[in-house]
Amino acid sequence: MRVGTAVAVSAAEAADPVRLRIPAIKLSTRVGPLRLDASGRLVAPERFDQVGWNKAGPEPGERGVAVIAGHVDSTTGPAVFYRLRRLGDGDRVHVDRADGSTVTFVVGRVTRYPKSRVPDKEVYHGGRGAELRLITCGGTFDRARRSYRDNVVVFARRSA
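Its first residue numbered 15, the sequence shown is counted upward by one per residue in our numbering.
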């Protein structure tokens, strides 16, 4: 999974995400921390049944773009974000946090980008408020590279 350049931000008073719930696609899964590699790219989650949050960025619900990534499938079948591409405008995404609070986001759009041309500024540095990006692989599978050619990105804003 190519997940783009993530930006480190100063820590804010918030709690780490622990669970992601998306009723429209019947998803409820644990959230774990993700790290950046030496080149500043987000490392994909190790598990196929859980998602990961970019710990170098803001917590979901805080000002800035929080990023949660997950796999679309594995060699054994569908993975946690298999149905992500089915989300549409107005669908709700709930992030439960370690302090017991829940932050709700509303999907604005779902877009697919070739991995070589993901607009990092738009995906990772958007808006003035609290935003969320959900990222997984998509498009056709390149057997030689053992990777999908595209990334599916869900753009969501914190619900009022």
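The C-beta atom is built at its ideal place from N, Cα and C for all residues, glycine as well.
query: Just to confirm, is the Cβ distance from H108 to F95 under 8 Å?; result: no
query: Could you say which of A83, F62 and G71 lies nearest to A29 if we only look at CA atoms?; result: G71
query: Cα-Cα, which of P31, A38 and I39 is closest to L48?; result: P31
query: On the DSSP letters alone, give me the boundaries of the beta strand (DSSP E) that E136 sits inside.; result: No beta strand (DSSP E) holds E136; the alpha helix (DSSP H) holding it covers D134 to Y138.
query: For the beta strand (DSSP E) containing G78, list its first residue and its last residue.; result: G78 to A83
query: Where does A25 sit, in a helix, a strand or coil, going by DSSP?; result: At A25 the pLDDT is 39, less than 50, meaning the model places this residue with poor confidence and gives no usable figure here.
query: Determine which residues share a DSSP beta bridge with L101 and list them.; result: In DSSP, L101 forms no bridge with anything.
query: Out of Y162, T116, L34 and K135, point me to the one whose CA is closest to W67's CA.; result: L34
query: Starting from the C-beta of F62, find all residues in its chain whose C-beta is less than 7 Å away, skip the five residues before and the five after it, and write them out in chain order.; result: H85, S88, A93 and V94
query: Between which two residues does the beta strand (DSSP E) holding I39 run?; result: Run containing I39: none; DSSP gives neither H nor E here.
query: Taking 8 Å as the limit between beta carbons, can you name the residues of its chain near A158, skipping five residues before and five after?; result: none
query: Report the residue from G141, C151 and L56 whose alpha carbon sits nearest the alpha carbon of R171.; result: G141
query: Hey, out of T90, A83, H139 and R147, whose CA is closest to R106's CA?; result: R147
query: Note down, one range per segment and in chain order, each alpha helix (DSSP H) of at least 4 residues found wholly within the stretch 102–166.; result: 134–138
query: Which class does A170 belong to by DSSP, given the choice of helix, strand or coil?; result: strand
query: Go ahead and label T116 buried or exposed: buried means 16 or more other beta carbons lie within 10 angstroms of its beta carbon, across all protein chains shown.; result: exposed
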